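Heads up: the structure comes next, in structure tokens.
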Amino acid sequence: MRQSLVKILMLFIVGYASAQNIDVSGTVLDNTGFPVPGVNVIVKNTTKGTVTDFDGNFALSDVEKGAVLTFSYVGYLTKEVIVSDGKKLTIELEEDVAKLDEVVVVGYGTQRKKEVTGAVSVVDAEAIEKLNPQRVEQALQGQIAGVNVTSTSGSPGAGANIRIRGITTNGDNRPLILVDGNVIEDLSVINPNDIKSVNVLKDATAGIYGVRGANGVILITTKTGRKNSELKFQVDAYTGFQTSSSKVDLLDPLNFAIYVNDAADETRYFVYPQEGTDWQDEVFKTAAISNINFSGSGGTEKSAYTFGASYLNQDGIVGAGKNNFERFTARLGYQYDILDNLKLSTTALYTNSTKNNLPEGSIGSVLYSAVNINPDLPLRDENGDFSLANDISQIEIINPLAQIANTHNITRVDKYSGTIGLDYTFLEHFTVSSKFQINYSNVLDDVFFPIVDYGNGKSSNRETNEVQDFSDLYTDYTWDNYINYTNTFAEDHNVTVLLGMSTFRTRGHFYGHSGLQLRNASNSVRDAFVDGWIGDRVEGVISDRINDASKALGGDQFDSRLSSTFARVQYSYKGKYLLSGVIRRDVSSRFSTENNNNVGYFPSGSIGWNVSDEDFFNTDGWINSLKLRASYGIIGNDRIDDFAFLTRLDGEATIDSGDPNVIDENDLLNGVGAGTIGNPNLKWEEQETANVGLDARLFNNAISITVDVFRKQTKNLLIQPQAPGIIGVGAPGAASPFINAGTVQNQGVEFMIGYNKNFSDDFSFNTSFNMTYLENEVTSLNGRDVPPGGEFGVGISQNDISRMVVGEPLGYFHGYQTDGIYQTQQEIDILNAGSPTGTFSTVGDIAPGDLRFVDTNGDGQITDDDRTNIGDAIPDFTFGFNIGFSYKNLDFSANAFASVGNDMIRDYERKDLFANRGTYVLERWQGSGTSNFVPRAVAGANINTDLFSDFVVEDASFLRLQNIQIGYTINNDGFKETGIDKIRIYISGNNVFTLTDYKGYDPSATSDTGIDGNGPIGAGIDKGFYPVAATYLLGVNLNF
């Protein structure tokens, strides 16, 4: 009996123990060991479940022993695991051959691509690595529909302009850029080798970032280490050379002499032309480039880390070492699980660069002189010195080689970025995150002008030396705090709620010193920039070594703040019906607190429908997945000057001293007066954006298609209108106030199609094509006149050629249309006789061989009122094309980009008698019937050939092969004992060729002006752009 009772008791205890519930936690990884966020973890046959966080972690409480957990995620095979104890689980998911989905980075988190309802595009690390860009911007061109990247210069270290879905404002059009969630202003601080992916938010999805996301958002995710992995290293290195990708077709000495003699009528300046100099051949040189990147990563059970450093050294194709750029970067990332539900993450980034600058992109630049200088001159005179340009030629045209030799302009940059963050998970479904970021930048410019003579009367001549010293320092910080709730109800209803707040502040100052007559440094840059110059810039050099009377000092400072709160709700039913809503409240210091103008509320929302998940949809057919989506939102913009709502003092005011015995400039005393007039009624620009899109995969997911139709309207534009001088804006340093007026609309279509298939274990092939069509128009200005801009200096200088007018594209070119060439005097006499004033052209006397301007208003005469739209710099279409394949160990890739419909102004030419000309003048008018396209030769500027007209506006459409690369991978079979896992060797060419009809150096360049140099008024004026170099590389990728 007793034994029976013991047996019954033991069975009871065992049964009771087996019925006990336990807590279960773990990490879900993919087949490469990386964490997978967003995985559904469900207790089978129950409604209990959760999803993995960003690091692939999950936790479930009160789970019955012996229960089965199912792990499911689109793109991976579902996995089931029996729970037997409370030990931490490590689950590895196998990738589904269909590869239906991936994780996309969105604002403050990630989302499965299948559930994304906005217009989000991705560029992955593989695409970036094959392009070998020196800057991140170069990797975006042609990869993403709706994103256009234009170079500001081909000079080493030069930046680029990124435009997402066109130009939306007359001010700053730069997108918001975040690296691992941290805001940065300059992509030069990022080493492209460190990037894992680039995600671009193009529609209302960017609304989660409020006013800072008005021009779109670029989210960069860098490579990280992973837990439970051994330390691994990677070395990427390349070396190569660069050459000029283009030259301007110019007259040789013989044809130049013929042209000058023809223009000078009976005067024969050239009887026997000399051998001369090909100045472009002298200026453009083969330049070296090299880069090395070293990185490492690994992790323990509770931590993951990554570190790396890189060094880039690049000479310029103009000036070689005098245009050198060096960049050093270092990066550190570390994540640590303090507790199972408390995680620490920190990053640190340092960038140091040194750039030797040459004059470029303007009148008087090196290439400006190379194009215009007399080709009959020798490079050096009989004494071996650089030859002097003609005394009677234009004052800015000088010997470009002498200019390079006498230019001493160095920019040094130090930038630091650091973050620290905590993530705390509680009650299974809640995660609280707090992250603090700080950025610091110090930019130092040192400029020295030696005593130099470039020829009589040249504007660059120096009778005394001068040193200039500039410093631009800023610091900004961002503190983000938010809580995220994610839960799945009844297996089918997934809800994610985000609530947060963000504080941002940026402040800094600029100062500049200059001085003349450095003692003991009349011509020596070495004497000017003595040891200790950087550390003791003012006291050590300017104060001690410059005549007191020649010193100058100036500066400025800025300080702006932004405080924000935001909320987002995302709902998914069976992953089939998708809904997302965002509301953000921003408070900006750039607007007055009167009437709460500094406060803005910006809502946005989106919906999606995965049609292919419906029961009636047959995914076994040729369409494997189909999603429809739409979004709408309003986003603000506060990108204007700090304190624009206040009238500020300016230091340019002067006053008469009152001394009756002094009547020259010495009689003026410096003072301050009213500067830009303030406007306390300023408020936000508001961008209303709408998008309808489609995503599809076809033929066993081999083909992917994305289509988006969008419209963006930017209302209440922040502009500075023309104002009468009576209100004080005509005084030195004064300016009209900012106001809200006008609307700009961008609308268009984006299309992308891609094909990717593995035909066997040995062979795979991929290709993609994307297209963007864009229309830009100013739809209203509330009766205001926006000041024109853009300086045109060919022959007759004009400063109002780029305009903002209702019904036209923003920044269009305003000038005369032409209709051929006047052939005879009789033709001109007939037009004069028919004019109401007896003179057909009121802008100047006409002669045979002059351009025929069109009387656009039909009043019988040519006047200023006949100027009209003759082009714009905004492309109508952009195209990107990518192709690649791999066969066994061999791989190949190529990338091309095309732009159609963008115009450019040929403003690098000068009409001085002794300035060189393009070879197109060989087709000039030389008598009746000889030419109806190129006007006659003239000695100097002629108002009827040189007024701004469509004769100097050219179609700058182009097709460029941006990259081509062939690589070969050597597996580790032959060197296992060395610890090397893989070696890949490759050769590549960047910007190999460009097809265009444009006569200038580079049809892809831009000359944006406006606020912070990022406005559209004045874009597209070519004063001799520094062309992007053709680059040829030999490189190696080494993993060990």
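Counting with mature numbering (1 follows the signal peptide of the UniProt record, and there is no 0), you get residues -19 to -1, 1 to 1021 for the letters of the sequence shown.
Where a beta carbon is used, it is the ideal one built from N, C-alpha and C, also for glycine.
Please read all numbers here as calculations on a predicted model, not as lab measurements.
- Within the stretch 111 to 181, the complete beta strand (DSSP E) runs of at least 3 residues fall at 128 to 132, 141 to 145, 157 to 160 and 163 to 165.
- TYR1007 and ASN972 have their C-alpha atoms some 14 Å from each other.
- Looking at the DSSP output, LYS396 sits in a beta bridge with THR332 and SER422.
- Below 8 Å, too few C-beta pairs join the stretch 54 to 64 and the stretch 133 to 153 to call them touching: fewer than three.
- If you ignore the 5 residues before and after LEU607, its C-beta comes within less than 6 Å of the C-beta of VAL592, SER593 and ALA677, all in its own chain and listed in chain order.
- With fewer than 16 other beta carbons inside 10 angstroms of its own, PHE974 counts as exposed.
- Looking from the CA of ILE588, the closest CA among THR574, THR799 and SER553 belongs to SER553.
- Under the three-state reduction of DSSP, TYR582 is assigned to strand.
- Rounded to the nearest whole angstrom, the CA to CA distance from GLY970 to ASN944 is 6 Å.
- Using a Cβ distance threshold of 8 Å, TYR982 and SER227 count as a contacting pair.
- Taken through DSSP and simplified to helix, strand or coil, GLN694 comes out as strand.
- Membership of GLU904 in any beta strand (DSSP E) is not indicated, and neither H nor E is assigned to it by DSSP.
- Counting along the chain, the unbroken beta strand (DSSP E) around ALA285 starts and ends at 284 to 297.
- Under the three-state reduction of DSSP output, THR837 falls in the coil class, being neither helix nor strand.
- Remark: fewer than three beta-carbon pairs, one from each stretch, lie closer than 8 Å, so the stretch 426 to 434 and the stretch 470 to 480 are not flagged as touching.
- TYR455 sits buried, since 16 or more C-beta atoms from the chains shown fall within 10 Å of its C-beta.
- In the three-state reduction of the DSSP assignment, PRO381 falls in the helix class.
- THR220 and PHE417 have their C-alpha atoms some 38 Å from each other.
- Its chain contains GLY19, VAL55, ASP82 and VAL84 as the residues whose beta carbon lies nearer than 7 Å to that of ARG93, once the 5 sequence neighbours on both sides are disregarded; these appear in chain order.
- With contact defined as three or more Cβ pairs closer than 8 Å, the stretch 458 to 468 and the stretch 404 to 419 are in contact.
- The beta carbons of ALA922 and ILE777 sit closer together than 8 Å.
- A Cβ-Cβ contact shorter than 8 Å links ILE344 with GLU377.
- Counting only the Cα atoms, ASP34 lies some 37 Å from LEU293.
- The residues ALA611 and VAL690, in chain order, have a CB closer than 6 Å to that of VAL673 in the same chain once the five nearest residues on each side in sequence are set aside.
- LYS555 has its alpha-carbon roughly 53 Å from the corresponding atom of SER783.
- Shortest Cα-Cα distance from PHE932 to any of ILE951, TYR797 and GLY1016 involves TYR797.
- Assignment of alpha helix (DSSP H) within the stretch 330 to 372, counting only whole runs of 4 or more residues, yields 347 to 353 in chain order.
- Per the C-alpha coordinates, the member of LEU112, VAL568, GLU444 and LEU403 positioned closest to SER483 is VAL568.
- ASN390 carries a strand assignment under DSSP once its states are collapsed to helix, strand and coil.
- Annotated three-state conformation of TYR803 is coil, per DSSP.
- Rounded to whole angstroms, the Cβ separation of PHE275 and ALA285 is 19 Å, and the two are not in contact under 8 Å.
- In this structure, the beta-carbon distance from ASN151 to LEU791 falls below 8 Å.
- Looking at the backbone, the Cα of TYR349 and that of ALA386 are separated by about 16 Å.
- In the displayed model, LYS416 falls within a strand according to three-state DSSP.
- When the beta-carbon positions are compared, ARG887 and ASP781 stay at least 8 Å from each other.
- In terms of Cα proximity to ALA108, the closest of ARG566, ALA1000 and ASP872 is ASP872.
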